[in-house]
Amino acid sequence: ISGVLTVTSEVTPAEITWANLQWPPDGEIELGGDFTAYAQVYAEDITGTGTPSGRIQGWIGFSTENTNPATWNSWIGADFNNNVGDNDEYLSNFGGQIMEPGIYYYASRFKLDQQDYVYGGFSPSGGGFWDGAINISGTLTVNEILPDPDFNWVNLQYPGSGTIEPGTDYDVYAQAFIEGVTGSGTANPDISAWIGYSTTNSNPTSWTNWIEAPYVSASGSNDEFMTNLGAELPGDGTYYYASRFQLADGDYFYGGYSATGGGFWDGTSHVSGVVIVQQTAPDPEIDWVNLQYPGSGNIEPGAVFEVYAQVWIDGLTGGDEALEGVESWIGYSTDNSNPSGWTNWIVASHNGPVAGNDEFMAEIGSVLTEEGTYYYASRFRYNEGTYVYGGFSVNGGGFWDGVNNVSGVLTVETLPFPVEIDWVNLQWPANGEIYVNEVFNVYGRVYIEDLTGLGSPPAGLEAWIGYNIENSNPAEWTNWVSASFNGSIGAEDEFRANIGALMNQTGTYYYATRYQLDNGIYVYGGYSEDGGGFWDGISNVSGVLTVSESPSAWAVNFTVIDGTGLHDNIQFKGEMTDWQTVPMNPDENTWTLTLQVEPGSYEWGAIEGDGSPDGIWLIEGPNLVVTISEDGVITGDTLHTTLVTFVDEARTAQLQVYPNPASEQLTIKGLTAGAEFRILDLSGKTLHSGSLTDQQNISVSALPNGLYILELRSATGIHHQKFLKQ
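Counting from 693, one number per residue, gives the positions in the sequence shown under the numbering used here.
Spelled out as structure tokens, the structure:
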């Protein structure tokens, strides 16, 4: 009979048989710039279909060392771009992920199913699997962002606002800084300065009224200029003013005011000053008014919105009943203009005494039935005298001036259904190893339908990176660092924070992300190789950071002595912590912190943590500087005492300021006639200002109890003294 022969064959499993770094072979960008790399991959019967295969993952990685990419740690996910013949092409814009200037090497990485990674290199003939000889890594040069070649900084120095009668003096100061040019003590003939004004609060580039401002003196590394604006203003009205500078025949640069020192005019942080010119000054019998609360709000059309305001008349207000003769209103307008020109005023009723003031309240929301943005302020009158207007500030407010004491803002709109966070993750890195206090940036992403991916974060969205010594549910953790927006990636928003600066002790730490939208519930993000998601401790987990002692770092003990006895939350920050705040350890009025610091020179300082994003800066003058040599010799500033009683530049011995603490008034002696004063809170906001003779009493009775700064400006210089109001 015939025999039977059976022939069988084994199925060869699919695999990646070719990958490359397609393009470009090299590049050069500024720090933070875009840089997109392309790579291709081939797997038989899988690639080249025109759609991405869910079985293939791609990355672009980078390193400061030109080594085998298999040893690299920094990999950024690559997105499918298109098919090129039988290949699939992927791309990744990784330029924004690089945090330091330098030379970087990049390559591609691919993975099919659960097989081993393969790495792609570049060659002019099309590239292939990375071998370091023919198919090699690309090279990217990342340069420092070049500084402004002209003016490095200009401002509107002082004052931020004021009220004068027509034709009276109103001196306005402005400063400019050009590295290596200003601050010499003599005028530079190539620098021109002006103070300009307008009746509209618009961009100063469109203004036509400019008055030359002569050079006055050097102020540190800056040059200061001044002109008498009051003599040039044509009559009654509200005027906005700013500075303008020009170097030789170059471009104009415009300066704006802020309580923290100002800068280039932007209309938001650095704004125009405001001066009100009026024939009759405010009723002298009313010592102070404000817009008390709230500073802003959001309601639906016709909903209730109560507004409160206060008035103080020395020796008269503060009783159980409203002071006879005092009238009060809350007004509103669709224009953010001087309230003296508004026509919509609602009578406010007496709400009781508050710390010597009379408080009034009016409900304005029920009359606002149309959607839009409304501005509101208070108005008072005593015995049918002159109207005075109150503005809001976080420090208690005062007479409306449009800069420090401003109108409240109310948004009237039909509110949508609450928006929820659809997805979050811990993006990168999955793990890391650092030395104590070394920089370690952690990235996380969030997706909210129609809100993220627009190039700027949605309003109301907050992000944090948290860490813990136990690998537990992040909802139980207490250490959270605010994360800053790092850009939009597709439809997602990415955030970043440096947690390494807070790692003072060696050990193993676990980290994750946290997000919150519009004060809603917290949601937490975890890491996985396929992109991560909501933390669950199984598929999406916490990252792991190992912190060890640096063999080249030295222990440096920093001490801050609270000379006021009033601080209760002093925190350290400096270049060695990437300017992240680190809590200090208190022992009565002495606060200490020991950090492991690499050799070098570092600026540092301290804040009083008051719940605000930046806290209250406690260092007067330049930042403190400490230097650590290679052999551990420590020089410079490691000790600072807050609140030196008097900080002056000249002739402090002739000045007398008393009493301190004060309850009713401060007495000033030893100043030349024509000196000016300002009272500021610890955030730098002006609360009160005026002119002095050689002896002058300044009333402080209206100030809430607390710590303040008295600034005195005279021919002898600028003098500062802190005082306590009790």
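C-beta: ideal position from N, C-alpha, C; glycine also.
Asked                                                                                                                              : Found
Outcome for S1244 when other beta-carbon atoms lying within 10 angstroms are tallied against a minimum of 16                       : exposed
The segment 1256-1276 in contact with the segment 1176-1186 per 3-pair CB rule at 8 angstroms                                      : no
Simplified DSSP state of G1398, which is helix, strand or coil                                                                     : strand
Extent of the continuous beta strand (DSSP E) run through T1282                                                                    : 1282-1289
Own chain residues within Cβ distance below 6 angstroms of S1231, not counting five before or after                                : S1220
Segment contact, 8 angstroms Cβ cut-off, at least three pairs: the segment 902-919 with the segment 953-964                        : no
Alpha helix (DSSP H) runs contained entirely in the segment 816-901, provided each spans 4 or more residues                        : none
Alpha-carbon to alpha-carbon, W1037 and F1338                                                                                      : Residue placement at F1338 is flagged as unreliable, the pLDDT there being 34, under the threshold of 50; a coordinate-derived value is accordingly withheld.
Beta-carbon contacts of G922 that lie in its chain and below 6 angstroms, excluding the five residues immediately before and after : I856, T860, D861, Y862
Simplified DSSP state of A1167, which is helix, strand or coil                                                                     : helix
Beta-carbon separation (whole angstroms), L783 vs A729, contact threshold 8 angstroms                                              : 7 angstroms
Which of helix, strand or coil DSSP assigns to E1267                                                                               : helix
Candidates T1170, P1031, N1178, of which the one nearest S1148 by Cα                                                               : N1178
Cβ-Cβ distance between A1001 and N982 below 8 angstroms                                                                            : yes
Beta carbon of W822 nearer than 8 angstroms to that of Y809                                                                        : no
Run of the beta strand (DSSP E) containing F727, from where it starts to where it stops                                            : No beta strand (DSSP E) holds F727; DSSP gives it neither H nor E.
CB of Y1081 within 8 angstroms of CB of W1092, strictly                                                                            : yes
Beta-carbon proximity list for E836, same chain, < 8 angstroms, skipping 5 on both sides                                           : E722, L723, P793
Buried versus exposed call for D1254 [16 or more other C-beta atoms within 10 Å across all chains shown]                           : buried
Contact check, I1213 vs Y1203, beta carbons under 8 angstroms                                                                      : no
Among E924, G927, G852, the one whose alpha carbon lies nearest that of A951                                                       : G852
Pair within 8 angstroms by beta-carbon distance, A866 and G947                                                                     : yes
Own chain partners of V776 with C-beta closer than 7 angstroms, once the 5 adjacent residues on each side are dropped              : Q732
Selection from G1044, H1042, F1052, S1032 that minimises the alpha carbon distance to Y1067                                        : S1032
Residues that Q971 bridges to, as DSSP identifies them                                                                             : In DSSP, Q971 forms no bridge with anything.
Run of the beta strand (DSSP E) containing S694, from where it starts to where it stops                                            : No beta strand (DSSP E) holds S694; DSSP gives it neither H nor E.
At least 3 beta-carbon pairs within less than 8 angstroms: the segment 1047-1059 vs the segment 1003-1011                          : yes
CB-CB length for Q749 against I768, believed under 8 angstroms                                                                     : Actually they are not in contact, since the Cβ atoms of Q749 and I768 sit about 12 angstroms apart, beyond 8 angstroms.
Beta-ladder partner(s) of L1102, from DSSP                                                                                         : G989, Y1066
Residue interval of the beta strand (DSSP E) (run including H1042)                                                                 : 1041-1046
Candidates W845, I1299, D979, V1098, of which the one nearest N1030 by Cα                                                          : V1098
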